[in-house]
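A.B. asks: Numbering-wise (numbering that gives the first Met the number 0), the sequence shown opens with residue 0 and increments by one.
Please read through the structure below; I'll follow up with questions.
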Amino acid sequence: MNRKVEQALESTLQQWQAMSKADGDDAESTADAFQTSFYRFIDALREWVNALPQRPESLEALLELPLIEGIVDQLPGPLYLNFETEAELILEHIIRTDDDKYD
0 MNRKVEQALE STLQQWQAMS KADGDDAEST ADAFQTSFYR FIDALREWVN ALPQRPESLE
60 ALLELPLIEG IVDQLPGPLY LNFETEAELI LEHIIRTDDD KYD
């Protein structure tokens with residue numbers, strides 16, 4: 000797995016676990032930390048996809064790449080839809096602005 004993508008994924012998964020366990024006072028800050036880590040992961044993934052010698056032309060083709068299969072295997076179910084949405088945007092060369100993220 001690409002080291003930068005792997006590190007960003009690890010951070011995202013750690014933040015997901017922290018957010019899942021947070022309560023009351025910590026809930027907002029852990030949700031913010033998760034959101035930040037998720038979009039850093041997406042940025043690292045975008046960089047990797049854009050550097051591929053032969054860029055996938057469809058989501059299905061992207062999902063068949065070994066790196067992506069490894070990522071999907073590690074993602075908690077509730078994160079998969081967000082991941083898939085962001086993967087489609089990467090393939091369409093669309094970069095969300097901060098205001099559009101998680102809306």
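We treat Cβ as the ideally placed atom computed from N, Cα and C, and that holds for glycine.
Could you check if residue 14 is buried or exposed, using at least 16 other CB atoms within 10 Å of its CB as the buried criterion?
C.D. replies: By the 10 Å Cβ count, residue 14 comes out buried.
A.B. asks: DSSP three-state label for residue 5, please.
C.D. replies: Helix, per DSSP.
A.B. asks: Just verifying my parser: in three-state terms, what is the DSSP assignment at residue 77?
C.D. replies: Helix.
A.B. asks: Specify the secondary structure class of residue 59 as computed by DSSP and reduced to three states.
C.D. replies: Note: residue 59 maps to helix in three-state DSSP.
A.B. asks: What are the boundary residues of the alpha helix (DSSP H) that includes residue 34?
C.D. replies: Per DSSP, residue 34 belongs to the alpha helix (DSSP H) from 26-50.
A.B. asks: Residue 58 and residue 32 - do their beta-carbons sit closer together than 8 Å?
C.D. replies: No, these two residues do not count as a Cβ contact at 8 Å.
A.B. asks: Residue 9 to residue 20, Cα distance in whole Å?
C.D. replies: Each residue's Cα considered, the two are about 17 Å apart.
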